[in-house]
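K.L.:
Residue numbers (UniProt numbering), protein chains in the order written: chain G, 1 to 297; chain R, 1 to 451.
#1: Does the distance from the C-beta atom of residue 47(G) to that of residue 445(R) stay below 7 Å?
#2: For residue 355(R), which residues from the same chain have a beta carbon less than 8 Å from its beta carbon, with the 5 sequence-adjacent residues on both sides left out?
#3: Let me check one thing: in DSSP terms, what residues is residue 142(G) bridge-paired to?
#4: Between residue 246(R) and residue 427(R), what straight-line distance do the alpha-carbon atoms span, to the nearest angstrom?
#5: Go ahead and label residue 333(R) buried or exposed: buried means 16 or more other beta carbons lie within 10 angstroms of its beta carbon, across all protein chains shown.
#6: Which of the three DSSP states, helix, strand or coil, is assigned to residue 228(R)?
#7: Apart from the five residues on each side of it in sequence, which residues of its chain come closer than 8 Å, Cβ to Cβ, to residue 140(R)?
#8: Going along the chain, which unbroken runs of the beta strand (DSSP E) with 3 or more residues stay wholly within the segment 162 to 219 of chain R?
#9: Would you give the residue range spanned by the alpha helix (DSSP H) that residue 94(G) belongs to?
#10: Where does residue 293(G) sit, in a helix, a strand or coil, going by DSSP?
#11: So with Cβ pairs under 7 Å, would you call residue 249(G) a contact of chain R?
#12: Are the beta-carbon atoms belonging to residue 167(R) and residue 388(R) less than 7 Å from one another?
#13: Quick check: is the beta carbon of residue 151(G) nearer than 7 Å to any beta carbon in chain R?
#14: Hey, quick one: how far does the beta strand (DSSP E) through residue 54(R) stretch, first residue to last?
#15: Determine the direct distance from the alpha carbon of residue 313(R) to that of residue 79(R), and round the result to whole angstroms.
#16: Out of 165(R), 43(R), 52(R), 97(R), which one is the CA nearest neighbour of residue 307(R)?
#17: So residue 285(G) and residue 216(G) are in contact, right, with Cβ under 8 Å, and what is the actual spacing, rounded?
#18: Pull the bridge partners of residue 330(R) from the DSSP assignment, please.
#19: Please list the partners that residue 107(R) has in chain G, where partner means a Cβ-to-Cβ separation under 8 Å.
#20: Using three-state DSSP, classify residue 15(G) as helix, strand or coil.
#21: Look at the Cβ atom of residue 303(R), then the Cβ atom of residue 172(R), and state whether they are nearer than 7 Å.
#22: Mind listing the chain R neighbours of residue 159(G)? Cutoff is C-beta to C-beta under 7 Å, in chain order.
#23: Just how far apart, CA to CA, sit residue 27(R) and residue 290(G)?
#24: Determine which residues of the segment 41 to 54 of chain G have a Cβ less than 9 Å from any Cβ of chain R, and write them out in chain order.
#25: Assign residue 193(G) to one of two classes, buried (16 or more other C-beta atoms within 10 Å of its C-beta) or exposed (fewer than that).
#26: Apply the 10 Å Cβ neighbour rule to residue 223(R) and answer buried if 16 or more other Cβ atoms are within range, or exposed otherwise.
#27: Less than 7 Å between CB atoms is the rule here; does residue 326(R) satisfy it with respect to chain G?
#28: In the DSSP assignment, what residue or residues form a beta bridge with residue 361(R)?
#29: Can you pull the chain R neighbours of residue 244(G), defined as C-beta to C-beta under 7 Å?
#30: I'd like to check one pair, residue 108(R) with residue 116(R): are the Cβ atoms closer than 7 Å?
#31: Using three-state DSSP, classify residue 205(G) as helix, strand or coil.
#32: Can the beta-carbon of residue 412(R) be found closer than 7 Å to that of residue 434(R)?
#33: Straight-line CA distance for residue 35(R) to residue 97(R)?
#34: Mind checking whether residue 350(R) and residue 344(R) have CB atoms under 7 Å apart?
#35: Run through chain R and tell me which residues come within less than 7 Å of residue 283(G), C-beta to C-beta.
#36: Can you find a CB in chain G that lies within less than 7 Å of the CB of residue 407(R)?
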């Protein structure tokens, strides 16, 4: 090993450690988004009549203007916005309560319950949606029959409740996943904190709310960011419900709309919509991070 | 010769595949023209052994392919059973075409054929052995669908497989009990619906997943969706004939005479058939196996009658569905592929298998007189139901043309129906909006639209 080599090696080493993150990031995030961006700036042109040859031409931001002008755009964005505002807090509250319960000293069978709460996350989204679909279906479901006999007419697949029926599936699927992140954070807290609180006379609930929750704030922020990203990309559940409910259109969520555009061979439009979606997701996640970490900074 | 170009496109597609996985933006290419066009027209059999890839969703297709493979050791067909076209297979086919990974052959419904040709996905098989001479073997309107009404001047783009002439399936036992006869006009159908409603039943369902069914109803009333004028397209979705159909069904929806919370081909619909909650289905010839296989509890209780008419004494039928076997543009063995497609859709053994297992109603003239189609059908109380469909087959308007962006048009109809079911707007509004949006779709594909 010669002397001259050493400085060079020192500067390369960190990149080597970054590679496991950076290579997939470039391959599976930057490149596709870049490619989608390129595609969003081009549209199909045709020479030689209806069934002639196609080629793509530069169209600037036309496709963005087209997409934003479509009535479904605002509708679907507002829909997932409303969805996120309601569903994320509900889910994270559930996850937090479950995590605190599991973490409390009196909880028994911790391992068992940890697994049970997590199981829904292990079930593929399509399977989960199909399962819930049959539970919602007024003609097939034991639940609606039960509600009916109690005098409650709930059309869980009707236009009014559809969004919340989807919210229920998402909550069911991801609560356990978020619970696990929060629970791990709780487990990492040093035991003497809790001991000190007890010595000071704090009961279980006070300890949980005043001491533990503030300490796992970073984990809560993380689950919040994940959930925002997830909500904006809502796709599987509405797509599956489309085949059994008349209340979900092909543009119900922005992601579903992008998918529908590709089905009609409007690749440019779909790319524009996807880039917009990626931008909004990034902006919202970033804003949320800034907002929630400001006090610490 | 074209190999190096292909390779580089394939490599470019890697990025596209990643896009597909992560952001739901499908496909790749986009740069170069994919249109194979009709320019290279030679179609000669290849020497030596050939293996063909084939995608289809007809139940029992594997049996037909097995017969072919046994008889043709040099041309082996590998079948991949896919979901139905609009359930995702067309999307897969489009992606495969863009990635130059498409199979040799695929099942494509008539309404999607123009769309696939538009993106250069089909091979002109007119000059493949025996294809041109095969025209006389098929029901007239089906051949004009595969040569796009150009009488062979413009190529032949697929081999017709089956058709979907429509008729009325109804629960004869329930109609009898309520002293109703099979309705012969749409007015009678509506008055029957009112009687059935009082008995706590729906005459049928009206769902968002059946825009192609609704199109069949438009077809019956000579209401085309698109007309081709030279190189330009005219969107005719919103015209008096289609308005008549839309307003009629809107009335049934408003008066709650049809179920609007049931989707076509859903377990809930099948349950409603089985329990007698929904008692008719205006459907295609192939629908006989749908009822048979999904409403087993009602064996012997259904009957088939001609479609209700707009004017008493008329004899018009709509058509719903029906497929072709198409050769994709990338196929390196078009001659063998076309030979298989012809065999599959004209050979008596194959027709028999596809009818028995797949419920297909053949497009080949010889198929209409299959022994199986002359026999009484036990599920339908031993009625000779195929006589009704054979008659309907002759009453289908032959001028109907599909547009090249049907996927979009169906989507607009389906989204509109969803809104109507939720109480937003009327089917008339849906036609108006679908017309405007369909014209937009054509423009997005850089096609000329005339008014």
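The C-beta atom is built at its ideal place from N, Cα and C for all residues, glycine as well.
Treat the numbers as computed from the prediction; the structure is a model and nothing was measured.
P.N.:
Straight from the coordinates:
#1: Against a cut-off of 7 Å, the Cβ pair of residue 445(R) and residue 47(G) comes out as no contact.
#2: Non-local beta-carbon contacts of residue 355(R) in its own chain, meaning distances under 8 Å to residues more than five positions away in sequence, involve 361, 362, 367, 370, 372, 373 in chain order.
#3: Its beta-bridge partners do not exist; DSSP assigns none.
#4: Each residue's Cα considered, the two are about 5 Å apart.
#5: Under this definition residue 333(R) is a buried residue.
#6: Here residue 228(R) sits in strand by DSSP.
#7: Taken in chain order, the residues that qualify are 398.
#8: Scanning the segment 162 to 219 of chain R for uninterrupted beta strand (DSSP E) segments of 3 residues or longer gives 166 to 171, listed from N- to C-terminal end.
#9: Run containing residue 94(G): 71 to 103, per the alpha helix (DSSP H) assignment.
#10: The DSSP-derived three-state label of residue 293(G) is helix.
#11: By this cut-off, residue 249(G) is an interface position.
#12: Yes; because the gap between Cβ atoms is below 7 Å, this pair is in contact.
#13: Cβ-Cβ to chain R under 7 Å: no for residue 151(G).
#14: Residues 50 to 56.
#15: Their Cα atoms are separated by approximately 46 Å.
#16: Ranked by Cα distance from residue 307(R), the first of 165(R), 43(R), 52(R), 97(R) is 165(R).
#17: Actually they are not in contact, since the Cβ atoms of residue 285(G) and residue 216(G) sit about 19 Å apart, beyond 8 Å.
#18: DSSP lists no beta-bridge partner residue for residue 330(R).
#19: At a beta-carbon threshold of 8 Å, none of the residues of chain G lie near residue 107(R); the nearest stands roughly 17 Å away.
#20: Collapsing the DSSP output to three states places residue 15(G) in a helix.
#21: Note that the C-beta distance between residue 303(R) and residue 172(R) is below 7 Å.
#22: The contacting residues are 422.
#23: Residue confidence is low: residue 27(R) scores 35 on pLDDT, short of 50, so the model does not pin down where it sits. No coordinate-derived value is stated.
#24: Among the residues of the segment 41 to 54 of chain G, those with a Cβ less than 9 Å away from any Cβ of chain R are 42, 43, 44, 45, 46, 47, 48, 49, 50, 51, 52, 53, 54, in the order of the chain.
#25: Result: exposed.
#26: When all chains shown are included, residue 223(R) counts as buried.
#27: Using a CB distance cut-off of 7 Å, residue 326(R) does not count as an interface residue toward chain G.
#28: 163(R).
#29: Neighbours of residue 244(G) in chain R, taken as residues whose beta carbon is under 7 Å from its own, are 263, 266, 268 in chain order.
#30: Cβ distance < 7 Å, so residue 116(R) and residue 108(R) count as in contact.
#31: For residue 205(G), the secondary structure class from DSSP, reduced to helix, strand or coil, is helix.
#32: In this structure, residue 434(R) lies closer than 7 Å to residue 412(R) by Cβ.
#33: For residue 35(R), the pLDDT reaches just 41, beneath the cut-off of 50, and the residue's location in the model is therefore unreliable, leaving the point undetermined.
#34: Cβ atoms of residue 350(R) and residue 344(R): closer than 7 Å.
#35: Within 7 Å Cβ-Cβ: nothing; residue 283(G) doesn't reach chain R, min ~16 Å.
#36: Yes - at least one Cβ of chain G is within 7 Å of the one on residue 407(R).
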